[in-house]
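Participant: Quick mapping for you: the protein sequence lines, in order, are chains A and B. Oh and the first sequence: position 251 is 251 in full-length UniProt numbering, straight run, nothing missing. Oh and the second sequence: position 170 is 170 in full-length UniProt numbering, straight run, nothing missing.
There are 2 protein chains.
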Amino acid sequence: MQDIADKLGLSKGTVSLVLSGKAKGSRVSEETCRKVKQMAAEMNYQPNEIARSLSTGKSMSIGVVITDISNEFFGNLTFHIQEQAKKYGYTVITSNTNESPEEFYDAVTTLLNKQVDGIILVPVDEGQEVLLKIMKRNLPVVQVDRYYPDIKANYIIIDNYKVSRDVIEVLIRKGLQRIAVVCYDINLNALTDRRQGYIDALDRHGLLDPALIKNINYENQEEEIKRAIIDLKNNPDKVDAIFFCSRRVFITGVKYMHREGIKIPEEMEVVCFDEIDSFSITNMPITYIKQPIRKMGEKAVDILMEQMSGIDEIKECVFEAEIEYSI
Amino acid sequence: MQDIADKLGLSKGTVSLVLSGKAKGSRVSEETCRKVKQMAAEMNYQPNEIARSLSTGKSMSIGVVITDISNEFFGNLTFHIQEQAKKYGYTVITSNTNESPEEFYDAVTTLLNKQVDGIILVPVDEGQEVLLKIMKRNLPVVQVDRYYPDIKANYIIIDNYKVSRDVIEVLIRKGLQRIAVVCYDINLNALTDRRQGYIDALDRHGLLDPALIKNINYENQEEEIKRAIIDLKNNPDKVDAIFFCSRRVFITGVKYMHREGIKIPEEMEVVCFDEIDSFSITNMPITYIKQPIRKMGEKAVDILMEQMSGIDEIKECVFEAEIEYSI
DNA sequence: CTGAAAGCGCTTACAG
DNA sequence: CTGAAAGCGCTTACAG
Numbered sequence: 001m002q003d004i005a006d007k008l009g010l011s012k013g014t015v016s017l018v019l020s021g022k023a024k025g026s027r028v029s030e031e032t033c034r035k036v037k038q039m040a041a042e043m044n045y046q047p048n049e050i051a052r053s054l055s056t057g058k059s060m061s062i063g064v065v066i067t068d069i070s071n072e073f074f075g076n077l078t079f080h081i082q083e084q085a086k087k088y089g090y091t092v093i094t095s096n097t098n099e100s101p102e103e104f105y106d107a108v109t110t111l112l113n114k115q116v117d118g119i120i121l122v123p124v125d126e127g128q129e130v131l132l133k134i135m136k137r138n139l140p141v142v143q144v145d146r147y148y149p150d151i152k153a154n155y156i157i158i159d160n161y162k163v164s165r166d167v168i169e170v171l172i173r174k175g176l177q178r179i180a181v182v183c184y185d186i187n188l189n190a191l192t193d194r195r196q197g198y199i200d201a202l203d204r205h206g207l208l209d210p211a212l213i214k215n216i217n218y219e220n221q222e223e224e225i226k227r228a229i230i231d232l233k234n235n236p237d238k239v240d241a242i243f244f245c246s247r248r249v250f251i252t253g254v255k256y257m258h259r260e261g262i263k264i265p266e267e268m269e270v271v272c273f274d275e276i277d278s279f280s281i282t283n284m285p286i287t288y289i290k291q292p293i294r295k296m297g298e299k300a301v302d303i304l305m306e307q308m309s310g311i312d313e314i315k316e317c318v319f320e321a322e323i324e325y326s327i
Numbered sequence: 001m002q003d004i005a006d007k008l009g010l011s012k013g014t015v016s017l018v019l020s021g022k023a024k025g026s027r028v029s030e031e032t033c034r035k036v037k038q039m040a041a042e043m044n045y046q047p048n049e050i051a052r053s054l055s056t057g058k059s060m061s062i063g064v065v066i067t068d069i070s071n072e073f074f075g076n077l078t079f080h081i082q083e084q085a086k087k088y089g090y091t092v093i094t095s096n097t098n099e100s101p102e103e104f105y106d107a108v109t110t111l112l113n114k115q116v117d118g119i120i121l122v123p124v125d126e127g128q129e130v131l132l133k134i135m136k137r138n139l140p141v142v143q144v145d146r147y148y149p150d151i152k153a154n155y156i157i158i159d160n161y162k163v164s165r166d167v168i169e170v171l172i173r174k175g176l177q178r179i180a181v182v183c184y185d186i187n188l189n190a191l192t193d194r195r196q197g198y199i200d201a202l203d204r205h206g207l208l209d210p211a212l213i214k215n216i217n218y219e220n221q222e223e224e225i226k227r228a229i230i231d232l233k234n235n236p237d238k239v240d241a242i243f244f245c246s247r248r249v250f251i252t253g254v255k256y257m258h259r260e261g262i263k264i265p266e267e268m269e270v271v272c273f274d275e276i277d278s279f280s281i282t283n284m285p286i287t288y289i290k291q292p293i294r295k296m297g298e299k300a301v302d303i304l305m306e307q308m309s310g311i312d313e314i315k316e317c318v319f320e321a322e323i324e325y326s327i
């Protein structure tokens with residue numbers, strides 16, 4: 001900027017005005033404006049956003065903290081967040097927690113120090129302090145996919161309870177009676193709600209059987225899911241269907257169903273929470289629950305932008321998920 | 001920092017020294033050091049990395065420009081890049097090109113203005129200028145997955161030609177003769193090499209038949225893949241196998257194979273370029289090509305760091321991919 | 001061992 | 001319509 005100003009015999013301030021687009025109105029003459037722009041192009045001027053950020057106090061970037069970017073659900077979510085942020089002129093810094101509270105803390109601390117203008121995050125078990133730290137700084141933040149019920153903060157989720165209950169109702173209406181659930185034992189509402197929806201639906205029809213509820217430890221999932229499948233296969237009363245509470249559990253579960261020679265859907269039907277883009281590589285029918293990922297990602301950004309512009313009413317968004325069929 | 005200095009009757013400079021970890025040696029007394037740290041903790045001091053960046057000229061962040069973060073391959077790649085960057089204390093800003101040269105240009109321009117210390121990118125067709133722009137700035141950059149052959153720059157790829165030729169050889173050795181290929185018609189070496197590997201292997205055995213080469217237009221892929229499958233099914237000489245040159249093509253292709261009632265592997269075998277984490281939801285055998293994604297991502301970061309530290313020898317890394325079986 | 005000062009590249013009141 | 005100056009929060013020679 002100084003160089004441009006020198007060449008043109010202008011001041012740095014004037015150059016700044018036109019290059020940052022604040023030259024409208026009668027502030028700077030058309031003539032000057034034109035000359036500055038031309039010279040900037042000639043000298044191949046590129047603005048330094050870091051300097052601008054320090055000066056304005058806005059970094060024009062937002063932080064996104066998710067479990068794991070290589071997971072299809074979060075990959076999709078991040079994609080839509082990024083595309084939406086781009087529309088507002090914002091850039092996105094992502095980081096992974098791998099469900100660890102330490103990594104969660106580190107990720108957020110780094111983002112805060114980088115002076116992001118807002119944060120979208122997927123809460124981690126035992127990570128309440130981290131969310132509070134952001135809020136104490138008065139920085140806009142929105143939780144996605146899960147939320148801490150004890151903290152009054154923005155969140156966007158789907159109605160996990162309702163859609164889980166509904167999908168089980170659908171199976172019951174089809175005549176299936178013995179329905180199992182395979183779910184992580186993690187203490188997060190997204191998961192507990194899914195399990196509870198299942199329980200209530202079956203209970204209402206007097207079909208609940210505790211032996212059909214399989215809770216899986218996250219660390220040791222492969223082994224535990226395998227055992228759950230074998231167990232369900234060997235249940236003296238034939239099991240009609242299995243409701244898998246998340247993508248990974250479904251994939252592993254179905255793998256072992258194949259290994260055990262369980263015919264899908266003839267012997268057992270399957271339900272998957274979340275869509276998998278490669279459902280079509282198998283030709284068996286899968287009932288699945290589809291979250292409105294795009295809407296969720298876009299909404300998260302919209303809320304963030306609203307809050308950045310000063311509105312600080314807390315938003316608690318609950319979207320509806322849909323029940324769909326792969327074939 | 002000023003506040004801490006004031007409270008302690010020290011200068012800002014001294015505080016900066018200890019808080020940025022440059023107080024080693026005899027530079028600052030142990031006593032002062034201790035007091036500063038304690039006060040910083042008490043006052044809950046959080047460094048402003050933006051200010052530091054402006055001062056040091058290093059942003060401690062790198063840019064990653066990929067096709068689409070919601071794609072499993074790029075999601076995995078990005079994950080490993082992020083984890084590796086974290087080890088070096090770097091943060092990652094990602095953006096998607098959706099294969100568009102305009103978005104590619106915009107993404108890189110934004111990153112440059114944000115003063116990233118280096119860029120890892122997946123080249124886009126017709127995007128040479130963008131890469132040159134980065135290099136003109138003397139900013140470290142490494143291409144991943146593909147590269148522009150006319151530009152002397154770092155890249156990390158796998159030997160697409162060799163592994164494609166090898167996988168076809170494997171099929172031939174198994175006794176399969178009529179092998180088809182379904183591949184995008186995009187003019188990028190990753191894709192053209194795969195097709196050429198296929199062609200050369202078959203040619204060597206006198207098994208090449210142009211009717212079995214199906215080039216797919218990216219924009220209209222669903223329809224074109226469908227037509228290709230029907231066409232192959234109706235080929236008067238039975239087709240024994242199909243080599244799908246990428247993940248998406250495979251998923252769509254297999255979908256239509258199921259729709260057309262083609263039995264896999266009894267009637268036709270299938271080969272997929274790239275691993276899909278949900279292969280196991282189907283119980284048919286799939287031959288696939290597995291890229292060392294983790295090594296590629298880590299290496300990309302390593303090279304970037306090397307170049308940032310002044311080494312500017314150009315690295316052209318070619319990794320080997322492996323042939324694997326889903327069952 | 002510590003302080004005073006300049007500088008990183010911008011923006012933005014304030015004067016004129 | 002334009003300029004001079006202060007300031008954003010750090011770092012880093014340079015003195016002492």
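Virtual Cβ for every residue (Gly too), placed ideally from N, Cα, C. In this text, all values refer to a predicted model and were calculated from it rather than measured experimentally.
(1) How many whole angstroms separate the CB atoms of residue 212 of chain A and residue 245 of chain A, which I take to be in contact at a CB cut-off of 8 Å?
(2) Select from A:91, A:83 and A:111 the residue whose C-alpha is nearest the C-alpha of residue 111 of chain B.
(3) Helix, strand or coil, according to DSSP, for residue 88 of chain B in the structure here?
(4) Put residue 338 of chain A into one of helix, strand or coil per three-state DSSP.
(5) Based on Cα-Cα distance, which residue from B:305, B:126, B:51 and B:179 lies nearest to residue 188 of chain B?
(6) Chain B beta carbons: is any one of them nearer than 8 Å to that of residue 96 of chain A?
(7) Starting from residue 154 of chain B, follow its DSSP beta bridges and name the residues at the other end.
(8) Is there a Cβ of chain B sitting closer than 8 Å to that of residue 328 of chain A, yes or no?
(9) Using a Cβ cut-off of 9 Å, which residues of the stretch 276 to 291 of chain A contact any Cβ in chain B, in chain order?
(10) In three-state terms, what does DSSP make of residue 241 of chain B?
(11) For the alpha helix (DSSP H) containing residue 134 of chain B, list its first residue and its last residue.
(12) In whole angstroms, what separates the C-alpha of residue 266 of chain B from that of residue 76 of chain A?
(13) Between which two residues does the beta strand (DSSP E) holding residue 119 of chain B run?
(14) Output, in sequence order along the chain, the residues in the stretch 17 to 37 of chain A whose CB is closer than 7 Å to any CB in chain B.
(15) Could you list which residues in chain B have their beta carbon closer than 7 Å to that of residue 15 of chain A, in chain order?
(16) Going by DSSP in three states, residue 269 of chain B sits in which element: helix, strand or coil?
(17) Whose Cβ in chain A lies nearer than 7 Å to the Cβ of residue 331 of chain B?
(18) Going along the chain, which residues of the stretch 106 to 119 of chain B sit with their C-beta nearer than 7 Å to a C-beta in chain A?
(19) When you check each C-beta in the stretch 242 to 267 of chain B against every C-beta of chain A, which residues fall closer than 8 Å?
(20) Given that residue 54 of chain B touches chain A, what residues does it touch there, using C-beta distances under 7 Å?
(21) Check the DSSP bridge columns for residue 287 of chain A and list the partner residues they point to.
(22) Indicate the three-state DSSP secondary structure (helix, strand or coil) for residue 293 of chain A in the structure shown.
(23) When the cut-off is 8 Å and only beta carbons count, does residue 101 of chain A lie next to chain B?
(24) Do residue 160 of chain B and residue 203 of chain B count as a contact pair if the criterion is CB distance below 8 Å?
(25) At the 8 Å Cβ level, is residue 192 of chain A part of the contact set with chain B, yes or no?
(26) Note down the Cα distance separating residue 233 of chain B from residue 221 of chain B, rounded to an integer number of angstroms.
(27) Within the chosen definition, does the stretch 97 to 112 of chain A reach the stretch 129 to 140 of chain A through at least 3 CB pairs nearer than 8 Å?
(28) What is the rounded straight-line gap between the Cα of residue 32 of chain B and the Cα of residue 147 of chain A?
(29) With distances taken between CB atoms, is the gap from residue 230 of chain A to residue 216 of chain A smaller than 8 Å?
(30) For a contact defined as C-beta to C-beta under 8 Å, what are the partners of residue 47 of chain B on chain A?
(31) Can you pull the chain A residues whose beta carbon is under 9 Å from the beta carbon of residue 309 of chain B, in chain order?
(32) Determine which residues of the stretch 81 to 93 of chain A have a Cβ less than 8 Å from any Cβ of chain B, and write them out in chain order.
(33) List the residues of chain A whose Cβ lies closer than 8 Å to the Cβ of residue 76 of chain B, in chain order.
(34) Less than 8 Å separating the beta-carbons of residue 65 of chain B and residue 108 of chain B?
(35) Can you give the beta carbon distance from residue 141 of chain A to residue 156 of chain A, rounded, assuming they're within the 8 Å contact cut?
(36) Which residue from B:164, B:228 and B:175 puts its Cα closest to that of residue 200 of chain B?
Facilitator: From the atom records:
(1) That pair is no contact at about 13 Å.
(2) The candidate whose alpha carbon is nearest that of residue 111 of chain B is A:91.
(3) coil
(4) The requested residue 338 of chain A does not occur in the structure, where chain A is confined to residues 1 to 327.
(5) B:126
(6) Answer yes: the Cβ-Cβ gap between residue 96 of chain A and chain B drops below 8 Å somewhere.
(7) B:142
(8) The displayed coordinates of chain A run from 1 to 327. Any statement about residue 328 of chain A would go beyond what the structure contains.
(9) When CB distances to chain B are screened at a threshold of 9 Å, the residues of the stretch 276 to 291 of chain A falling below it are 276, 277, 278, 279, 280, 281, 282, 283, 284 and 286, in chain order.
(10) strand
(11) 128 to 136
(12) 35 Å
(13) Taken as a continuous stretch (DSSP letters only), the beta strand (DSSP E) holding residue 119 of chain B covers 119 to 121.
(14) none
(15) Chain B residues near residue 15 of chain A: none, gap ~16 Å exceeds 7 Å.
(16) strand
(17) Outside the displayed range of chain B (1 to 327) lies residue 331 of chain B, so it cannot be described from this structure.
(18) 110, 112, 113, 114 and 115
(19) 250, 251, 252, 254, 255 and 258
(20) 50, 51 and 54
(21) Bridge pairing for residue 287 of chain A: A:271 and A:325 [DSSP].
(22) helix
(23) no
(24) no
(25) no
(26) 18 Å
(27) yes
(28) So the alpha carbons of these two residues sit roughly 43 Å apart.
(29) With contacts defined by Cβ atoms closer than 8 Å, residue 230 of chain A and residue 216 of chain A do not form a contacting pair.
(30) 113
(31) Neighbours of residue 309 of chain B on chain A: none; closest Cβ ~21 Å, over 9 Å.
(32) 82, 83, 86, 91, 92 and 93
(33) 70
(34) yes
(35) Between residue 156 of chain A and residue 141 of chain A the Cβ distance is about 12 Å, and since that is not below 8 Å, they are no contact.
(36) Of the listed residues, the one whose Cα sits closest to residue 200 of chain B is B:164.
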